[in-house]
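Protein chains in written order, with my numbering: chain A, 41 to 172; chain B, 41 to 172.
What follows is a short report on a single structure.
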């Protein structure tokens with residue numbers, strides 16, 4: 041059995057609330073996290089909500105990184121979904137931990153797309169060239 | 041203890057590969073899934089990859105829905121992350137199961153942003169008004 045992707049689900053607690061409510065800072069941190077872990081950025085969408093909170097996604101050729109922040113609780117929900125062996129989502133996790141000034145966190149890793157492969161074979165990962 | 045959000049992580053197997061490789065169909069199915077479950081769509085980004093596969097995210101006021109497809113394996117990885125009691129991500133799950141013609145699936149639900157609240161109090165969920 042092999043998996044097509046890895047998804048690191050992170051709960052960042054005790055973050056800096058001012059950072060969590062700054063859409064530009066959050067977008068920059070997510071972009072830099074994607075680049076740091078070796079991902080190729082395809083598109084970024086970030087939105088600031090009233091009265092507070094930022095939601096954003098960095099679509100990468102190797103899947104996506106997503107964040108939702110609750111400054112009022114110092115909390116951010118982050119998903120780091122990557123494919124391929126050249127990308128290390130733990131680097132993105134560590135980058136964001138520092139960028140959000142998270143005092144605590146909880147993380148778990150999910151294997152996505154677990155498939156059976158023949159003995160000795162490797163599962164090719166999602167192609168990363170844009171079709172359009 | 042109460043949670044700010046629910047995230048349904050779905051592995052759809054044995055899907056129709058033609059549907060999985062059609063970016064317009066996938067975007068339509070994801071959009072309709074968001075609307076069906078009561079979410080407010082903020083922005084949609086979808087990309088077709090070479091030689092096959094679609095990645096896309098529907099940012100909703102209540103968090104996001106994401107999909108990555110591998111037509112060559114008949115497989116789609118889906119995340120349905122919602123906040124608030126008025127949204128039911130299971131409706132989105134069921135809508136997508138039919139739209140992708142999934143023969144099998146695996147799903148799990150994560151509670152995101154688990155916080156302590158005082159007895160008798162309710163955790164207010166993420167505000168849903170756009171600031172920009």
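We put the CB at the ideal spot given by N, CA and C, even for glycine.
*Assumed close pair residue 140 of chain B, residue 116 of chain B - CB separation to whole angstroms, cut-off 8 Å*: At roughly 6 Å, the Cβ-Cβ gap stays under 8 Å, so residue 140 of chain B and residue 116 of chain B are in contact.
_Against chain B, with Cβ distances strictly below 8 Å, would residue 105 of chain A count as a contact?_
Not an interface residue.
*Would you mind stating whether residue 104 of chain B and residue 97 of chain B have Cβ atoms separated by less than 8 Å?*
yes
*asked:* Does chain B have any CB closer than 8 Å to the CB of residue 81 of chain A?
replied: no
_Residues, ordered as in the chain, of the segment 106–121 of chain B that lie near chain A by beta-carbon distance below 8 Å_ = 106, 108, 110, 113, 115, 117, 119, 121
_Do residue 106 of chain B and residue 118 of chain B count as a contact pair if the criterion is CB distance below 8 Å?_
yes
*Distance, Cα to Cα, residue 45 of chain A vs residue 53 of chain B?*
15 Å
*Given a cut-off of 8 Å, decide if residue 81 of chain B and residue 92 of chain B are closer than it, judged by their beta-carbon atoms.*
In terms of Cβ geometry, residue 92 of chain B and residue 81 of chain B do not form a close pair [threshold 8 Å].
_I want to verify the contact list: residues of chain A whose CB lies under 7 Å from the CB of residue 156 of chain B, in sequence order._
Residue 156 of chain B does not reach chain A, its nearest Cβ partner there being about 10 Å away, counting only Cβ pairs nearer than 7 Å.
*For residue 132 of chain A and residue 77 of chain A, believed in contact at Cβ under 8 Å, the rounded distance*: 4 Å
*Which residues in the same chain have their Cβ closer than 7 Å to the Cβ of residue 74 of chain B, if we skip the five residues on either side of it in sequence?*
81, 98, 100, 105, 132
*Give the range of the beta strand (DSSP E) segment to which residue 127 of chain B is assigned.*
Run containing residue 127 of chain B: none; DSSP gives neither H nor E here.
*Run the CB neighbour count on residue 136 of chain B, radius 10 Å, all protein chains shown included, and call it buried at 16 or more, exposed below.*
Burial state of residue 136 of chain B is buried, judged by a 10 Å Cβ sphere holding 16 or more other Cβ atoms.
*By the criterion of Cβ-Cβ separation under 9 Å, what are the contact partners of residue 38 of chain A in chain B?*
For residue 38 of chain A there is no data in the structure shown, the boundaries of chain A being 41 and 172.
*Checking contacts by CB at 8 Å: is residue 141 of chain A closer than that to chain B?*
no
*Taking residue 67 of chain B as the reference, give the member of B:49, B:51, B:87, B:50 with the closest Cα.*
B:87
*Out of B:63, B:48, B:69, which has the shortest C-alpha to C-alpha gap to residue 89 of chain B?*
Selected option, being the one with the closest Cα: B:63.
*Spell out whether any CB of chain B is found under 8 Å from the CB atom of residue 153 of chain A.*
yes
_Any C-beta of chain B under 8 Å from that of residue 125 of chain A_ = no
*Got a sec: is the Cβ-Cβ distance from residue 135 of chain A to anything in chain B below 8 Å?*
No, because no Cβ of chain B sits closer than 8 Å to the Cβ of residue 135 of chain A.
*With distances taken from CA atoms, which of B:41, B:42, B:48 is nearest residue 146 of chain B?*
B:48
*asked:* Short of 7 Å in beta carbon distance, which residues of its chain neighbour residue 127 of chain B, apart from the five on each side in sequence? Order them along the chain.
replied: 77, 78, 79, 102
*Would you mind telling me which residues of chain A sit closer than 8 Å to residue 45 of chain B, beta carbon to beta carbon, in chain order?*
For residue 45 of chain B, the neighbours in chain A by C-beta distance under 8 Å run, in chain order, 108, 117.
*Using a C-beta cutoff of 8 Å, does residue 174 of chain A count as contacting chain B?*
This structure cannot settle anything about residue 174 of chain A, because the visible part of chain A is limited to 41 through 172.
*Excluding the 5 residues preceding and the 5 following residue 65 of chain A in the sequence, name in chain order all residues of the same chain whose CB lies nearer than 6 Å to its CB.*
Close CB contacts of residue 65 of chain A within its chain, under the 6 Å cut and outside five residues either way in sequence, are with 59 (chain order).
_Contact list for residue 51 of chain A against chain B, beta-carbon separation under 9 Å_ = 152, 153, 154
*Would you please verify whether the beta carbon of residue 87 of chain A is less than 8 Å from any beta carbon of chain B?*
yes
*Identify whether residue 104 of chain B lies in helix, strand or coil by the three-state DSSP scheme.*
Three-state DSSP puts residue 104 of chain B in a strand.
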